[in-house]
Amino acid sequence: MATYKLADFDAVLAIARRGSFRAAALDVGMSTSALSSAVSKLEAQLGVRLFNRTTRSVSLTGAGQRFVDQVSPALKDIHHALDTVRSQQETPTGILRINTFATAGREILAPLVLEYLRRFPGVQIDLVTEGNLVDIVADGFDFGVRSQTLVPSDMIAIPLGPARRYAVVATPAYFEGQEPPQVPSDLLAHACIRTRLPNGALFRWQFEAEGQPVQVDVEGPITLDEASLARMAVLDGIGIGFFMEADVRDDIEAGRLVRVLDAWTPPLAPLCLYYPSRRNPPAAFKVFVDLARELTRSSRER
Numbered sequence: 018m019a020t021y022k023l024a025d026f027d028a029v030l031a032i033a034r035r036g037s038f039r040a041a042a043l044d045v046g047m048s049t050s051a052l053s054s055a056v057s058k059l060e061a062q063l064g065v066r067l068f069n070r071t072t073r074s075v076s077l078t079g080a081g082q083r084f085v086d087q088v089s090p091a092l093k094d095i096h097h098a099l100d101t102v103r104s105q106q107e108t109p110t111g112i113l114r115i116n117t118f119a120t121a122g123r124e125i126l127a128p129l130v131l132e133y134l135r136r137f138p139g140v141q142i143d144l145v146t147e148g149n150l151v152d153i154v155a156d157g158f159d160f161g162v163r164s165q166t167l168v169p170s171d172m173i174a175i176p177l178g179p180a181r182r183y184a185v186v187a188t189p190a191y192f193e194g195q196e197p198p199q200v201p202s203d204l205l206a207h208a209c210i211r212t213r214l215p216n217g218a219l220f221r222w223q224f225e226a227e228g229q230p231v232q233v234d235v236e237g238p239i240t241l242d243e244a245s246l247a248r249m250a251v252l253d254g255i256g257i258g259f260f261m262e263a264d265v266r267d268d269i270e271a272g273r274l275v276r277v278l279d280a281w282t283p284p285l286a287p288l289c290l291y292y293p294s295r296r297n298p299p300a301a302f303k304v305f306v307d308l309a310r311e312l313t314r315s316s317r318e319r
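For the sequence shown, position 155 matches number 172 in this note's numbering, and the numbering has no gaps at all.
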């Protein structure tokens with residue numbers, strides 16, 4: 018009688034969900050080659066092909082779709098049973114998967130993630146900062162971190178710290194010999210560092226005047242898709258940049274960058290850790306939530 022591994026079934030569901038061996042391998046914590054080998058072995062055991070593979074795409078065969086449809090509910094029950102047992106553990110262990118975007122990842126890394134790992138070294142954390150807003154349940158994540166306005170209504174949300182702000186900055190040298198912008202439209206006369214969103218669209222700089230939103234399509238010599246690269250360009254004196262305040266706070270305090278249009282950048286909604294309701298979460302999950310709430314309380318007391 019053939020022996021089947023639960024991890025192989027999880028791998029098949031991950032590939033079906035993601036439509037890609039590479040993305041699924043990241044989800045299940047395997048290399049792409051190991052994942053492909055595991056699926057091939059399972060197909061040999063079952064005597065059927067589960068996936069149609071080409072160099073461009075991966076899709077379920079008819080047998081594969083029936084397999085996924087029938088196995089998926091059973092796997093959900095099995096994992097629920099495992100969670101129930103793990104919830105009785107006193108020592109947190111296992112892997113927690115968190116989905117967020119790069120700027121939020123930098124904001125929560127030290128105060129939440131690294132502090133958690135210091136307290137609970139038996140847990141591993143997989144922090145994914147791909148930028149796209151995903152269904153954390155369908156994509157196999159334990160938690161998501163997003164602006165409060167983007168948290169799905171059926172999720173439990175914990176605010177992480179105070180409200181955030183944007184910051185418009187440049188080097189002191191950049192403004193030598195030219196007037197800093199006084200209103201957002203003045204930016205059109207300046208070199209600005211443009212940024213591209215994960216969906217490919219150019220980010221429009223966002224301001225607010227008397228409660229009304231104002232957006233500006235800036236122009237500039239370079240377009241980048243990562244805040245750390247944009248910061249490098251601004252520090253080099255190429256032009257003006259638009260950032261989350263947390264990304265450039267140290268530069269402002271050290272005098273490397275100066276802030277402009279401050280009155281036009283009011284507070285934004287705070288970041289939130291969010292997650293679905295779980296009846297018997299494992300110990301690692303519970304203490305992560307507890308730490309997030311602890312940090313929220315301490316930030317309010319400052």
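Glycine is no exception: its CB is placed at the ideal position from the N, C-alpha and C atoms.
Would you mind sorting residue 124 into buried or exposed? The rule is 16 or more other CB atoms within 10 Å of its CB.
-> buried
Return helix, strand or coil for residue 166, following the three-state DSSP convention.
-> helix
Residue 113 burial status per 10 Å Cβ neighbour count (16 or more: buried) | buried
Are at least three pairs of beta-carbons, each pair with one atom in the segment 263-274 and one in the segment 182-189, less than 8 Å apart?
-> yes
Quick one, which of 24, 86, 74, 46 has its alpha-carbon nearest residue 56's?
-> 24
How far does the beta strand (DSSP E) with residue 143 in it reach, from first residue to last?
-> 140-145
Backbone secondary structure at residue 292 - three-state DSSP | strand
Consult DSSP for residue 21 and reduce its assignment to one of helix, strand or coil.
-> coil
From residue 307 to residue 60, what distance separates their C-alpha atoms?
-> 42 Å
Ignoring anything shorter than 3 residues or poking outside the segment 184-263, list the beta strand (DSSP E) runs there in chain order.
-> 210-212, 222-226, 229-233, 239-241, 258-261
Pick from 254, 127, 243, 253 that is closest to residue 261, judged by C-alpha positions = 243
According to DSSP, is residue 160 helix, strand or coil?
-> strand
Assign residue 79 to one of two classes, buried (16 or more other C-beta atoms within 10 Å of its C-beta) or exposed (fewer than that).
-> exposed
Top-ranked residue by Cα proximity to residue 285, from 177, 250, 201 = 177
Tell me where the alpha helix (DSSP H) around residue 121 begins and ends.
-> 119-125
Around the C-beta of residue 179, are 16 or more other C-beta atoms found within 10 angstroms, so that it is buried, or is it exposed?
-> exposed
Residue 126 to residue 62, Cα distance in whole Å?
-> 43 Å
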